[in-house]
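Residue numbers (our numbering), protein chains in the order written: chain A, 17 to 135; chain B, 30 to 410. We put the beta carbon where it would ideally sit given N, CA and C, even for glycine.
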């Protein structure tokens with residue numbers, strides 16, 4: 017299992033062709049407490065950089081982008097009842113959606129944990 | 030941040046308190062403190078919050094005759110409220126209208142006994158003062174006091190926090206205004222205090238010399254249960270209270286009648302009243318009051334959890350076929366624990382409990398027209 021990061025503050029954890037996506041702890045702290053999280057429907061095909069989900073804080077709505085091309089494969093339903101889970105564990109239990117990655121080679125273009133930290 | 034932004038007298042203190050500063054109406058203002066929007070909002074509803082609102086404009090209007098009633102009568106030529114009938118020591122909300130009946134600004138006017146104290150929005154204050162001065166200068170002396178400090182102490186613990194510093198506030202009722210002294214670490218300073226605010230809670234608005242502002246703020250913040258609160262929470266608090274934000278919910282394209290602010294026009298200024306009309310756009314407003322309007326500002330509550338934001342189009346149906354209005358303010362309401370909004374809808378969809386649908390990311394989210402305020406007011410009547 018490897019975790020990659022994006023400049024737009026998403027993380028993607030890959031296990032074979034399946035991946036889990038969320039926002040980084042840093043992004044979560046910047047947004048403040050979330051009041052609503054919603055992902056596009058399962059089966060939606062997305063290109064890298066497409067809005068795949070939205071998170072809303074008290075302040076504003078922010079799009080969450082697909083780090084790579086693929087197909088959405090499920091939303092973290094726990095966030096429907098408790099969006100604050102993201103604030104408590106952004107890079108764990110507060111994951112946002114799952115996706116199948118179309119081309120695993122695309123992951124090489126993303127950031128490593130060290131590269132993200134040094135942004 | 031741009032050099033052209035102005036700073037309030039509490040700028041240094043806001044930074045010291047850990048504020049995140051943002052540009053707002055030409056000022057560098059605290060959007061939030063370390064507690065964060067949600068905690069600041071809830072703290073204000075449960076205890077007490079102190080807001081820096083020094084960016085707002087304070088204007089004094091004194092009649093050359095020396096009689097405050099003459100200043101009130103003069104101001105009534107610009108505002109459709111009853112200020113001649115406003116007793117000394119009382120304050121009343123009002124609207125500056127243009128010739129089309131559109132709203133140039135909303136404001137608070139206090140009868141200070143010898144003159145009027147007017148508080149206007151930051152973004153409009155120069156334009157407002159120019160307008161008032163131009164219209165009233167033959168009869169009144171209009172003084173801009175834009176260097177003064179103004180803070181709002183809001184919440185159920187506001188009285189308990191202020192009384193030790195300023196005992197005279199104890200007996201004040203909602204919308205009373207007094208001039209008194211407030212105890213600070215280096216001695217008493219002169220303040221104007223009104224029992225009012227913009228959160229739906231009991232509380233006070235405290236004006237003082239710019240140079241005294243930090244002392245006053247520190248004295249209040251040293252009281253139990255008081256936290257500094259930013260503009261972010263101020264917005265969600267006023268929205269839950271059903272109060273308009275100038276520039277969002279009211280502006281020159283909306284009239285007092287469309288904005289459901291007819292209550293800000295007292296009987297004396299309405300049709301058949303002793304001083305009917307007599308303000309810019311009166312013909313439009315009187316006609317709308319008589320014949321009705323095609324759209325009205327209403328409160329909106331969503332069924333789901335998705336916040337509907339300003340700018341979202343409103344429809345009569347879940348398919349987005351018949352557009353009937355637009356959301357002008359919308360956010361998650363921390364006390365309501367659900368999304369809250371207000372907006373304009375066609376009058377035949379403005380009745381309470383009418384279902385409407387907001388366009389949100391390509392979907393149509395169900396809402397209902399609901400009564401405002403969304404939270405029970407805490408005013409001390």
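Note to self: Pairs of beta-carbons, one from the region 275-283 of chain B and one from the region 83-92 of chain B, closer than 8 Å: are there three or more?
What the structure shows: no
Next item on the list: Report yes or no: do three or more beta-carbon pairs, one from the region 196-203 of chain B and one from the region 251-266 of chain B, lie closer than 8 Å?
Entry: no
Margin query: Give me the chain A residues within the contact set of residue 265 of chain B, using Cβ-Cβ distance strictly less than 8 Å, ordered along the chain.
Written below: 74
Check: Hey, is the region 37-53 of chain B in contact with the region 242-250 of chain B, meaning 3+ C-beta pairs nearer than 8 Å?
Finding: yes
Item checked: Distance, residue 374 of chain B Cα to residue 282 of chain B Cα -> 14 Å
Notebook entry, point to check: Which chain B residues are close to residue 52 of chain A, counting only those with a beta carbon under 9 Å from its beta carbon?
Noted result: 333, 334, 335, 336, 361 and 368
Checklist line | Separation of residue 124 of chain B from residue 339 of chain B, as counted between CA atoms | finding: 22 Å
Check: Looking at the structure shown, is residue 30 of chain B part of a helix, part of a strand, or coil, going by DSSP?
Finding: The predicted position of residue 30 of chain B is uncertain, since its pLDDT is 48 and thus under 50; a value taken from the coordinates is nonetheless stated next. Of the three classes helix, strand and coil, the one that applies to residue 30 of chain B here is coil, per DSSP.
Checklist line | Element boundaries [beta strand (DSSP E), containing residue 20 of chain A] | finding: 18-21
Note to self: Judging by CA-CA distance, which residue of B/192, B/158, B/69 and B/383 is the nearest neighbour of residue 174 of chain B?
What the structure shows: B/158
Item checked: Closest residue to residue 344 of chain B among B/296, B/388, B/208 and B/293 (Cα-Cα distance) -> B/388
Next item on the list: Just grab the DSSP bridge partners of residue 56 of chain B for me.
Entry: B/35 and B/53
Item checked: Chain-ordered chain B contacts of residue 48 of chain A [CB-CB under 8 Å] -> 61, 65, 66 and 67
Note to self: According to DSSP, simplified to helix, strand and coil, what is residue 195 of chain B?
What the structure shows: coil
Check: Residues of chain A with a CB under 8 Å from the CB of residue 261 of chain B: which are they?
Finding: 74 and 75
Checklist line | Buried/exposed call for residue 183 of chain B, threshold 16 Cβ in 10 Å | finding: buried
Check: CA-CA distance, residue 232 of chain B and residue 294 of chain B?
Finding: 24 Å
Check: Roughly how many angstroms separate the alpha carbons of residue 209 of chain B and residue 74 of chain A, rounded to a whole number?
Finding: 38 Å
Margin query: When you compare the CB positions of residue 21 of chain A and residue 40 of chain A, do they come within less than 8 Å of one another, or not?
Written below: yes
Check: Per DSSP, what kind of secondary structure is residue 43 of chain B in: helix, strand or coil?
Finding: helix
Check: Are the region 74-85 of chain A and the region 395-409 of chain B touching by the rule of at least three beta carbon pairs closer than 8 Å?
Finding: no
Checklist line | Option in A/52, A/64 and A/68 with minimal Cα separation from residue 88 of chain A | finding: A/68
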